[in-house]
Structures are given as C-alpha cells and as structure tokens.
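Data block below; observations after.
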Amino acid sequence: MKLNDTFTASEDVVSREVGGEMVLLDLASGTYFGLDPVGGRIWELLSNGPHSLSQVCDTIEAEFEAPRDQIEADILALFSDMGDQNLIVATPD
Amino acid sequence: MTDLVVGSARDQSPLTDNPYDRWIAPEGDEKALFYRTQTGFLVRFPDEVDFEIEGVGDRVTAWPVPEAKPDLAENLFNNAISPILGNHRGGLFLHGSAVEIGGNAIAFLGMSRSGKTTLAASFAKAGHPCLTEDVIELVERDGTYWLQPKPKVLRLFRDSADFLLGEQPHWEDEDEKQRVDVADALPFSDEARPLTRLFILANNEPDEVLLPHLGAQSALTELMPHSFILDVEDKARLSAHFSRLAQLAQRIPSHSLDYRREYAELPRVISAIVHSQTGTAPTHETE
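Heads up: the protein sequence lines correspond to chains Z and U, in order. One rule links them: number in our numbering = place in the first sequence (from 1) + 7. One rule links them: number in our numbering = place in the second sequence (from 1) + 26.
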C-alpha cells in the first residue's frame, strides 16, 4: 500500500456516529467495528468519495495535532486493517 | 399486526435449498432455519413448526409437526415470528425481559439461557412488576421509548419455577423450559412504560454484582445481536434497523450487567439495580 493509492468506503458498510464515536456495520458479514474520533473522521472522508492516503493524511494533519510521520504510519496501518476487513475498496487512480 | 393461521399437523419435508440464515443456540443446536419461497419466506424450527410467511408478513401459516404440543405454534409465533416481522416492517423489537421500577421500564437483554427471565421474575417477586419475559417491543413517541406489556406467562426451568413460585407438583420435562401462567402469583404491569435504562447481561459471573456504564458505541454493537432479523440479506432494512438501534443507544443509558448465576445472589442484583435507578446507595452489594 502506497500513499498515492486511492480508496473509498465499501457500499456494504453502514456507519452511524454515536456518542462522538463511529460504529461500522458490515452488512455482508454482520460484523461491527468501532472507530475513535480520528478513525471516524477518516471514515467520513472515505464515505464522501475516493481519497488517496496522502489526501487523508493532509486532512488529519490539519485537524489533529500529531507529527506527519506518525500520522502516515498510523493511517497506513488503519487502511491495511480496513482493507483486510473489506471495509474499504481500492479505486482507480 | 399479522394473524396466525395454524394448519394441520404434518411432518417437516426435506428442503432442497440451503437456508440463507440460521439461529444457533448457545449449545450449538440449530433453533431456526430461514428459507426463501416464491411468495415470501419459510422459517423452520426443526422438529417443531414450519412457518410460511407471505410477502412481508401479511399472512403467516404455521405447520406444527404431529408430536408438537398444542400451544407450540402460537408460542413460537409470539416469541419469534411476530417480533421478526415487527422489525421487518420498521418496528423495534429486542430479545430480552423487562420490569417496572417506579413507573419506568428497565430492560435486560441477553441470549437464550442467560438468566433474563429468572431475573425479571425475581424483580416481580420483590414487588417490581414484570413487563415482559422474552420479547421487548418498543414504540417511540416524542423521543420516549414506550416498552409494551406482554402476556402474564413465564417460560421457566423447573428449578427457577421452584425458587420463584414454590415447589411445582408436576413438570413435563426436567431439562426443558415450561410455560407457566403466573398471573395470580407475580405482579405484571398492564401498561406501557417509558424505557429509562438497558442492561446487557454478561456471563463472566464475578464475585460482586457489576453494572458498569456502556458508552453509546459499545451499547450499539451489543444491541444488534439481540435483534430479531427476518432477512439478513436485505441491506436496506438492515441499515434502517441499525439506524433505529443507534438512536436508541444514543438516548437510553446502557449498562453491562454481570453476577453469579445463583438464586442467593439475586437480592443483591435487584438492590444494585434499583439503587442505580433511583440514585441511592445499594444496601446489599458488599454483604
């Protein structure tokens, strides 16, 4: 996975914000996932359309206080997890 | 509202299609199998009853097996088919029991054999009327969830019935629950009550009664498995149901509830919950 790879939220996943945190339900598998506020913001971006990892990092860097290299490492790990769980799908560049 | 038509007894013929969903009991047995038909659905309770559902539940026909007890079809309809059709039509039904405390309803959600019926009946024995023992029906009106009262019957194991009602003279099967009419023995509420708190039963059985608050995110993920869902492949309806549960999780405080499943422990559970509900200190928690 590279920073210019582009992803969007899977159409099989519905999400609701409750208590300031995001809960995802994968309708295909019936599995639930919880996201913290940063993860919830990332999910919001992907739900609105395709975003590259780099674009997501830009938004998170602008909205949350954290070093860029830490943001990139965390987002790469999160996207890898979400890809493994079929929560996100890769889109053409 | 769906009317039930009970057909004549017949054996369950093998079905060629694979079920699209199954309900599995905690011990691993298949409790219900869900199939599609040309006109709707067939829900099979193995060796018990087939339910043919036309459309979205406009008409339901039950076909009990020849060995089925006379009221089995009606019981399964009330405790399983009616709630799944209610959710399918946009209602809010959950698997659980409920009692009334001070004019408000509190609900206990749990899987089969988690102790929710005995818990609700114990509250009733302590003077807090039971609202329902197995199916929670919520009607939302002006931001309040009204928990609907259900018939004054309990489905109990022999030992629970002995504890709650005194020694029972006759029991059909010592290993199975039996439907007990408790209208004269325990108080039941006849009116819908506003739901003020949800307790989700855990089964780690700690030494002390534990009832930690659950955040809305945790509550939502705990609520969905306690729903009655007819069609797990109907994404539009699943999504809508998820939204209704999310709203419930936002509005109603939820707790996990765990305690030793011993009859002697139930007074402590009742005391802890009543005092958490009324905002006073429990009197039995540390005894």
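Just so it is clear, CB atoms sit at the ideal spot from N, CA and C, and this is done for glycine as well.
Starting from the C-beta of residue i, find all residues in its chain whose C-beta is less than 7 Å away, skip the five residues before and the five after it, and write them out in chain order.
i	result
U:LEU246	LEU271, ALA272 and ALA275
Z:MET89	ILE95
U:THR312	Caution applies to U:THR312, whose pLDDT of 40 falls short of 50 and renders its modelled position unreliable; the value that the coordinates give is listed next. So no residue of the chain qualifies.
Z:THR66	LEU52
U:ARG287	GLY141 and GLU231
U:HIS310	Here the model assigns U:HIS310 a pLDDT of 48, short of 50, so the residue's position is not dependable and the matter cannot be decided.
U:ASN105	ASP160 and VAL161
Just to make sure I have the definition right: I need the residues of chain U whose C-beta is within less than 8 Å of the C-beta of residue i. Which are they?
i	result
Z:ARG23	LEU246, PHE268, SER269 and ALA272
Z:GLU28	GLY241, ALA242 and GLN243
Z:GLY41	GLN243, SER244 and THR247
Z:LEU34	LYS261, LEU264 and SER265
Taking residue i as the query, report the chain Z residues whose CB atoms sit under 8 Å from its CB, ordered along the chain.
i	result
U:VAL258	GLY37
U:MET27	What U:MET27 touches in chain Z: nothing, since even the nearest Cβ is about 28 Å away.
Given that residue i touches chain Z, what residues does it touch there, using C-beta distances under 9 Å?
i	result
U:SER282	Residues of chain Z passing the Cβ test: none, with the nearest at roughly 15 Å.
U:MET137	Those within 9 Å of U:MET137 in chain Z number zero; the least Cβ separation is about 15 Å.
Taking residue i as the reference, give the member of the options with the closest Cα.
i	options	result
U:SER297	U:LYS261, U:GLY241, U:LEU249 and U:GLU234	U:GLU234
U:SER280	U:LEU173, U:ALA266, U:THR28 and U:LEU135	U:LEU135
U:ASP201	U:LEU173, U:ARG139, U:LEU120 and U:HIS239	U:ARG139
U:VAL295	U:LEU180, U:ASP284 and U:PHE71	U:ASP284
U:GLU24	U:LEU224, U:ARG181 and U:LEU118	Nothing can be reported for residue 24 of chain U, as the shown portion of chain U is limited to 27 through 313.
Z:GLN62	Z:GLU72, Z:ILE49, Z:PRO74 and Z:ALA73	Z:ILE49
U:ASP260	U:VAL300, U:ARG36, U:PRO238 and U:TYR46	U:TYR46
U:ALA227	U:LEU145, U:ASN113 and U:PRO92	Residue identity differs from the one stated: residue 227 of chain U is Leu in this sequence, not Ala. Selected option, being the one with the closest Cα: U:LEU145.
U:LYS95	U:GLN243, U:GLN204, U:PRO232 and U:GLY153	U:GLN204
U:ASN113	U:ALA290, U:ARG277 and U:HIS267	U:HIS267
U:LEU212	U:ARG36, U:ARG223, U:ARG115 and U:GLU159	U:GLU159
U:GLU53	U:GLU217, U:GLU74, U:PRO293 and U:MET137	U:MET137
U:GLY128	U:SER282, U:PRO109 and U:GLY153	U:GLY153
U:SER253	U:VAL86, U:GLY81 and U:LEU120	U:LEU120
Z:SER54	Z:VAL21, Z:LEU42, Z:ASP76 and Z:LEU60	Z:VAL21
U:THR304	U:GLU166, U:PHE60, U:ILE132 and U:THR143	U:ILE132
Who are the near neighbours of residue i in its chain, counting only those whose CB is closer than 6 Å to its CB and skipping five residues on each side?
i	result
U:PHE67	ILE79
U:THR222	ASN130
U:SER215	GLU126, PRO155, LEU157 and PRO175
U:HIS191	The question names His, yet the displayed sequence has Leu at residue 191 of chain U. Closer than 6 Å at Cβ, skipping near neighbours: ALA211.
At 7 Å on the CB atoms, spell out the chain Z contacts of residue i, in chain order.
i	result
U:ALA275	VAL25
Measuring from the CB of residue i, is there a heavy atom of the ligand SAM at a distance below 7 Å?
i	result
U:TYR289	This structure lacks the ligand SAM; in fact it carries no ligand of any kind.
Quick one: what's residue i bridged to in DSSP?
i	result
U:GLY122	U:LEU135
U:GLY66	U:GLU80
Z:CYS33	Note on residue identity: the sequence assigns Asp, not Cys, to residue 33 of chain Z. Per DSSP, Z:VAL20 and Z:THR38.
Z:ALA97	Z:PHE14
U:CYS156	U:VAL125 and U:PHE214
U:ALA88	U:VAL32 and U:PHE77
U:ASP185	U:ASP185 is not bridged to any residue.
Z:GLY58	Gly is not the amino acid found at residue 58 of chain Z; the sequence shown has His there. Answer by DSSP bridge pairing, in chain order: Z:PHE14.
U:ILE50	U:GLU56
Can you give me the Cβ contacts of residue i inside the same chain, cut-off strictly under 8 Å, excluding the 5 residues immediately before and after it?
i	result
U:GLU74	PRO90, VAL91, ALA94, LEU98 and LEU102
U:LEU111	THR28, ILE79, VAL82, GLY83, VAL86 and LEU256
For a minimum of 3 consecutive residues, which ranges assigned as the beta strand (DSSP E) are wholly contained in the segment 215-261 of chain U? 219-227
If we require 3 or more residues per run, which beta strand (DSSP E) segments fall completely within the segment 255-302 of chain U? 280-283
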